[in-house]
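Peer 1: This structure is in structure tokens; I'll ask about it shortly.
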Amino acid sequence: MSQCVSVIGSSSPLRMSLTTPNYPSSFLMRRRLSPIYLVEQQLMGLVKERWIEMWETLKNVSLHSEFQFPSNKEDVVNMLWRQPAAPNSFPPSGNSGPLTSKASILALFCFVLTVSALFHRSAHRSDILLPHCLSGSLLPWLDLNYQYRQRSRSEMPLRLEIKRKLAQRSERVKSVDLHPTEPWILASLYSGTVCIWNYQTQTMVKSFEVTELPVRSAKFIPRKQWVVAGADDMFIRVYNYNTMDKIKVFEAHNDYIRCVAAHPTLPYVLSSSDDMLIKLWDWEKGWVCTQVFEGHSHYVMQVTFNPKDTNTFASASLDHTIKIWNLGSPDPNFTLEAHQKGVNCVDYFTGGDKPYLITGSDDSTAKVWDYQTKSCIQTLEGHTNNVSAVCFHPDLPIIITCSEDCTVRIWHSTTYRLENTLNYGLERVWAIGYMNGSRRVVIGYDEGTIMVKLGRGVPVASMDNSGKIIWAKHNEIQTVNIKSVGADFEVTDGERLPLAVKELGTCDLYPQTLKHNPNGRFVVVCGDGEYIIYTALAWRNRSYGSALEFAWSSDGEYAVRESTSMIKIFTKNFQEKRSVRPSFSAERIYGGTLLAMCSNDFTCFYDWSECRLIRRIDVTVKNLYWADSGDLVAIASDTSVYILKYNRDIVSSHLDSGRSVDEQGVEDAFELLHEVNERVRTGIWVGDCFIYNNSAWRLNYCVGGEVTTMFHLDRPMYLLGYLANQSRVYLIDKEFNVVGYTLLLSLIEYKTLVMRGDLERANAVLPSIPKEHHNSVARFLESRGMIEDALEVATDPDYRFDLAVQLGKLEIAKEIAIEVQGESKWKQLGELAMSTGKLGMAEECMMHAMDLSGLLLLYSSLGDAEGISELASLAKEQGKNNVAFLCLFMLGKLEECLQLLVESNRIPEAALMARSYLPSKVSEMVAIWRNDLKKVNPKAAESLADPEEYPNLFDDWQVALSVESRVAETRVVYPPAKDYVNYSDRSNVPLVEAFRNMQIEDEQEPMENGDTIYEAAEENGEEKSLEEGSQEEAVVVDVDSIDGAILVNGSEEEWGMNKEGTPSA
């Protein structure tokens, strides 16, 4: 660029031919480093006015001790236009004659800006650069700043973390694509198959056998649930990837189909082929070809739509050119003579600030183009074979190029520096796939598919104590204010806040971290191996320098890690205070109350004032969080978080005493309070409460080692901060949506006071906690063993009932049960009352719970025949026939037992019971049984024997009838439960055998005259007394016997039993 301008001199205008130095375009784009845009727009007027003003000012001001201001304007002009002796020196110095060919109005303007910046203290390092400018070498100021920045950037990589997420071997992969919502990778193979891989499960979920020839391109069309594929058989096929149905097959070209591309919004698909044509297909019109684009003279290898203007697209061809087309015209808008050999691939830059596209060629290079000026911006050299795929990453400042030399190269999209080279050993690379909003990149090789994740994916954002949030989207800085949410908007936990986004400015580097200082006045942006400190309100830069990492202290000082062996500490005024060279490799640093320098195995804490070692802790630190008080620190590792107390007084007294500090530091500097076995993603302190979200994306907080889950997050979110005046904690997701959750400060304060043992103050805070949070307080108290206090605080009836039961306060539990009327609570309370001997309460509770089995146990234990009788009726009503049967059996109501069995259709059991206890009813039961069995098996029914018909088949049948009549009247007599011990040994008496023995003995004891005992008794008038005596011998029911054995009063000898319980001889 050459111009003629007038420069003010002492007598007449001085006319010179000025030429702008040929700096790289990336340098000219950086506003902070170069005023080239201002020179182009305001060159004549602004320079002239500013120069006169500055000359008048400088004439009376001494700016530097070594600089004598000239006596007139002409001398100043002559001084300004000197050429340095060594233009490429760093820093520039020396004097020479007047500038001619390299003179530039840019130098004059830089001088004006530099002096002005000195007065306003807003330029980086202006106090250092200005003396060089005033010493007679002005133009190299631009070289100095440019070379400084470029040297810094060339030494500092982007430091992107690259993780392999999937590796699947297959046939040669010709194209890859990512699904926007499903965890799917689409890969088309040279073998003619199209596969869909799930990168979360690492499995193939679907497969389409398309053709026997190579499928060179396949793409998802998510809004239609389609996969569209183009193959070497010249056909395009469309499949529904859900149903696996083939939607459409049609012949599209006369030669191999190289590429298909779907329009992002319209029903269009572009295809390119070796027939040198590009065709547009409309699926809403039945996949008819609506337009043909001709113009290339060789194979058309790729087509891609412009994301900023979807009516235009670019095509790459082996005729060495790139053509830009419009959907409305069959002719290209323009052609770029791109490479010396065939062009294989093309891609657009998706950002809004650069009209760029990138191409890859068989000449082993990739080139970045400005498609507005049609100029080549940069050539990327380094591959040793054909470049087969290229892309501008939509979310990261990188360019990715793939080559047949088996490597994938990652370049910085601003400095065009090579950042990384990947080689996964799968031979040649053919395809690359990416997606907006994702940091996943999928790569297709000769022998399979690889997917990698670039960077951490954490949103670069920070919130100050007033609720102002600043975040970085690429190089653009935006801000929102939580307080801007209208009062009429009802904030709901987990709901996205409607925040108005404001543009705050831009950043000269790609931000990887962004953090407010403690008072919120400044914000530091770190990335590209540098840091810049801006004012938070006006976004004016205050300081900058080299840094791999940056850390604020709690009082506004800061430290930077320039390398693993150099840490620098700066004051609040941005002046370097101290340089530290640790004796170990410092991989990370963290700020706060102390400066933490971390290796891979341990962490050392230093004080900020003199960098004295405070303590070494052997733990691998992934993150570190200090409480505002400076007394608590949370150290997060891969699997746990350790909460430590910093004993400031002990450290101060140790250091003040002058005692030496060994390599482990002050022994009692830290005290381990708690360990939580969870992986912390992000965390903040609110008082003595540590709030964090874990690997399962649950929002928790920890007070005193007790972890409470606040909410389950439905997506990955990251903590921003806490606003005490709103009692809400705020989080942000990857799409920069901000949500809030309620966390009461009074609740945290109460728990903190309880942990400190200050119960009096805690009780004073309790009334300020809303009732709906009292249950949370109660659970916290319960965890601390303060169960009675928890019972007083809790409001939930169920929870209060559990606490009352736990404390054994049955009356309180009974009151709650009456209020709630829960069957399970009555049953639980009844069991507890019975176990504690409160039988009256137990009976009441069991009645409320309708616990019939429990009542049976209770009544039988008490020998309460009346209760058992009522229970039998109740059990019948409730359909609990087993309980009803037991009740009737205990009461000796055997006829009712039989009737219940018959009604329950348990007829065989009724017949067998009759045989055992009521022989007189056997015939009736057998008849019923026979009639019922005839419905199923008549032959079996006929085989049933009735004892009345076949008494010979039933042993001791007559004896059984006699026993029945003997004990029938005794069933209604119920001995008290306390006499059970007197009957326990008689539960196994075989009545039939005992009765038979008695009969035998009676028959064998004749009187003197030959009569039996009964005859003698009748003659002597004693028969009546004998009968009365036999009636007094009551039959009792064994209530605990499972077989319901009938006990007859009398000794074992009377019933023919000896002491061992066996029949007597």
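Here the UniProt record's numbering is used: the first residue of the sequence shown is 1, the next is one more, and so on.
All C-beta atoms in this analysis are idealised placements derived from N, C-alpha and C, irrespective of residue type, glycine included.
By the 10 Å Cβ neighbour count, where 16 or more other Cβ atoms means buried, how is H393 classified, buried or exposed?
Peer 2: Indexing the sequence shown from 1 puts residue 393 at position 393. With 16 or more other Cβ atoms within 10 Å, it is buried.
Peer 1: Rounded to the nearest angstrom, what separates K279 and Y190 at their Cα positions?
Peer 2: If you number the sequence shown from 1, residue 279 lands on position 279. If you number the sequence shown from 1, residue 190 lands on position 190. So the two alpha carbons sit approximately 23 Å from each other.
Peer 1: Assuming contact is defined by CB atoms lying nearer than 8 Å, are L160 and G433 in contact in what I supplied?
Peer 2: Your numbering for residue 160 matches position 160 in the sequence shown. Your numbering for residue 433 matches position 433 in the sequence shown. No.
Peer 1: Please state whether the Cβ-Cβ distance between F235 and E212 is less than 8 Å.
Peer 2: Here residue 235 refers to the residue found at position 235 of the sequence shown. Here residue 212 refers to the residue found at position 212 of the sequence shown. Their beta carbons are not under 8 Å apart, which means F235 does not touch E212 by this criterion.
Peer 1: What are the residues that DSSP puts in a beta bridge with S175?
Peer 2: In the sequence shown, the residue the question calls residue 175 occupies position 175. For S175, which the question treats as bridged, DSSP gives the partners S188.
Peer 1: Among all the DSSP beta bridges, which residues are the ones paired with L723?
Peer 2: Position 723 of the sequence shown holds residue 723. Beta-bridge pairing links L723 to R728.
Peer 1: In whole angstroms, what is the alpha-carbon distance linking residue 1121 and Q512?
Peer 2: This structure does not reach residue 1121, given that the chain is present from 1 up to 1065, and the question cannot be answered.
Peer 1: Since L852 and L871 are thought to touch, with beta carbons under 8 Å apart, how far apart are those beta carbons, to the nearest angstrom?
Peer 2: The sequence position of residue 852 within the sequence shown is 852, counting from 1. The sequence position of residue 871 within the sequence shown is 871, counting from 1. Indeed they touch by this definition, with Cβ atoms about 7 Å apart.
Peer 1: Give the C-beta separation of A217 and S273 to the nearest angstrom, bearing in mind that I take them to be a contact with Cβ-Cβ under 8 Å.
Peer 2: Counting from one through the sequence shown, the residue named residue 217 turns up at place 217. Counting from one through the sequence shown, the residue named residue 273 turns up at place 273. What sits at residue 217 in the sequence shown is Ser, not Ala. 10 Å between Cβ atoms; not a contact.
Peer 1: So which of D363, Y917, V967, S640 has the shortest CA-CA distance to Q340?
Peer 2: For the purposes of this step, residue 340 is taken as the residue at position 340 of the sequence shown. Nearest of D363, Y917, V967, S640 to Q340, Cα basis: D363.
Peer 1: With DSSP as the reference, label H712 as helix, strand or coil.
Peer 2: Position 712 of the sequence shown holds residue 712. Here H712 sits in strand by DSSP.
Peer 1: Using only alpha-carbon positions, find the residue among W552, A910, Y356, N600 that is nearest to G592.
Peer 2: By 1-based counting over the sequence shown, the position of residue 592 is 592. For G592, the nearest C-alpha among the options comes from W552.
Peer 1: Please report the straight-line C-alpha distance between K308 and L418, rounded to a whole angstrom.
Peer 2: What you label residue 308 is simply residue 308 of the sequence shown in a count that begins at 1. What you label residue 418 is simply residue 418 of the sequence shown in a count that begins at 1. Distance between the alpha carbons of K308 and L418: 27 Å.
Peer 1: Whole angstroms is fine: what's the gap from L380's alpha carbon to Y239's?
Peer 2: Numbered from its first residue, the sequence shown carries residue 380 at position 380. Numbered from its first residue, the sequence shown carries residue 239 at position 239. Cα-Cα distance, rounded: 38 Å.
Peer 1: So is M244 buried or exposed if we call it buried at 16+ other beta carbons inside 10 Å?
Peer 2: Along the sequence shown, read from residue 1 onward, the residue named residue 244 stands at position 244. The residue is exposed, with fewer than 16 neighbouring Cβ atoms inside 10 Å.
Peer 1: Given the structure, does R800 come close to the ligand NAD, in the sense that its CB is under 7 Å from one of the ligand's heavy atoms?
Peer 2: You won't find the ligand NAD in this model; it holds no ligand whatsoever.
Peer 1: Do you know offhand how far I398's Cα is from W369's?
Peer 2: Translated into positions along the sequence shown, residue 398 becomes position 398. Translated into positions along the sequence shown, residue 369 becomes position 369. Rounded to the nearest angstrom, the two C-alpha atoms are 15 Å apart.
Peer 1: Compare the beta carbon distance of I263 and F293 with 8 Å and say whether it is the shorter of the two.
Peer 2: Residue numbering aside, residue 263 sits at position 263 when the sequence shown is read from its first letter. Residue numbering aside, residue 293 sits at position 293 when the sequence shown is read from its first letter. Position check: residue 263 holds His in this sequence, whereas Ile was assumed. It is not a contact, given that the beta carbons lie outside the stated cut-off.
Peer 1: Can you look up D618 in the DSSP assignment and give me helix, strand or coil?
Peer 2: Working through the sequence shown from its first residue, we reach residue 618 at position 618. Coil at D618, not helix or strand.
Peer 1: Excluding the 5 residues preceding and the 5 following V485 in the sequence, name in chain order all residues of the same chain whose CB lies nearer than 6 Å to its CB.
Peer 2: Translated into positions along the sequence shown, residue 485 becomes position 485. Around V485: L497.
Peer 1: What do you reckon, are the CB atoms on R588 and C598 nearer than 8 Å?
Peer 2: As a working note, residue 588 is residue 588 in the sequence shown. As a working note, residue 598 is residue 598 in the sequence shown. Cβ atoms of R588 and C598: closer than 8 Å.
Peer 1: Are the CB atoms of L803 and V773 within a distance shorter than 8 Å?
Peer 2: Residue 773 sits at position 773 when you count from the first residue of the sequence shown. Residue 803 sits at position 803 when you count from the first residue of the sequence shown. Note that residue 773 is His in the sequence shown, not Val. Against a cut-off of 8 Å, the Cβ pair of L803 and H773 comes out as no contact.
Peer 1: So, using beta-carbon positions, are residue 1087 and V194 closer together than 8 Å?
Peer 2: Because the chain is modelled from 1 through 1065, residue 1087 falls outside the range shown and cannot be assessed.
Peer 1: Please confirm if the stretch 342-354 is in contact with the stretch 310-318, defined as three or more CB-CB distances below 8 Å between the two stretches.
Peer 2: Short answer: they touch.
Peer 1: Spell out the partners DSSP gives G740 in its beta bridges.
Peer 2: Numbered from its first residue, the sequence shown carries residue 740 at position 740. DSSP, once it has assigned bridges, lists Y730 as partnering G740.
Peer 1: Give the single residue among I643, S768, A696, A596 whose Cα lies nearest to the Cα of I567.
Peer 2: Here residue 567 refers to the residue found at position 567 when the sequence shown is read from its first residue. Nearest option by C-alpha distance: A596.
Peer 1: Applying the criterion that 16 or more other CB atoms from any shown protein chain within 10 Å of the CB defines a buried residue, is S609 buried or exposed?
Peer 2: As a position in the sequence shown, residue 609 is number 609, starting the count at 1. It counts as exposed.
Peer 1: Would you mind reading off the limits of the alpha helix (DSSP H) that contains S835?
Peer 2: Taking the first residue of the sequence shown as 1, we reach residue 835 at position 835. Counting along the chain, the alpha helix (DSSP H) containing S835 begins and ends at 823-835.
Peer 1: Could you tell me whether the Cβ atoms of M786 and G704 are closer together than 8 Å?
Peer 2: What you label residue 786 is simply residue 786 of the sequence shown in a count that begins at 1. What you label residue 704 is simply residue 704 of the sequence shown in a count that begins at 1. The answer is no: Cβ separation not under 8 Å.
Peer 1: L504: which of L894, T373, D493, N541 sits nearest, CA to CA?
Peer 2: Along the sequence shown, read from residue 1 onward, the residue named residue 504 stands at position 504. Looking at the Cα atoms, N541 is the closest of the given residues.
Peer 1: If you draw a straight line from the alpha carbon of K921 to that of W929, how long is it in whole angstroms?
Peer 2: Residue mapping note: residue 921 aligns to position 921 of the sequence shown, counting from 1. Residue mapping note: residue 929 aligns to position 929 of the sequence shown, counting from 1. For K921 and W929, the distance between alpha carbons rounds to 12 Å.
Peer 1: Are the beta-carbon atoms belonging to D607 and I617 less than 8 Å from one another?
Peer 2: Here residue 607 refers to the residue found at position 607 of the sequence shown. Here residue 617 refers to the residue found at position 617 of the sequence shown. In this structure, I617 does not lie closer than 8 Å to D607 by Cβ.
Peer 1: Which two residues bound the contiguous alpha helix (DSSP H) that contains C611?
Peer 2: Along the sequence shown, one-based indexing puts residue 611 at 611. Unbroken run through C611: none, as it is neither H nor E.
Peer 1: Helix, strand or coil, according to DSSP, for N997 in the structure here?
Peer 2: As a working mapping, residue 997 is identified with position 997 in the sequence shown. N997: helix per DSSP, three-state reduction.
Peer 1: Determine whether the beta carbon atoms of L839 and L856 lie at a separation below 8 Å.
Peer 2: As a first step, residue 839 must be located in the sequence shown, where it is residue number 839. As a first step, residue 856 must be located in the sequence shown, where it is residue number 856. No. Outside cutoff.
Peer 1: At the level of alpha carbons, what is the spacing between A794 and V820?
Peer 2: One-based indexing of the sequence shown puts residue 794 at position 794. One-based indexing of the sequence shown puts residue 820 at position 820. One C-alpha to the other measures close to 15 Å.
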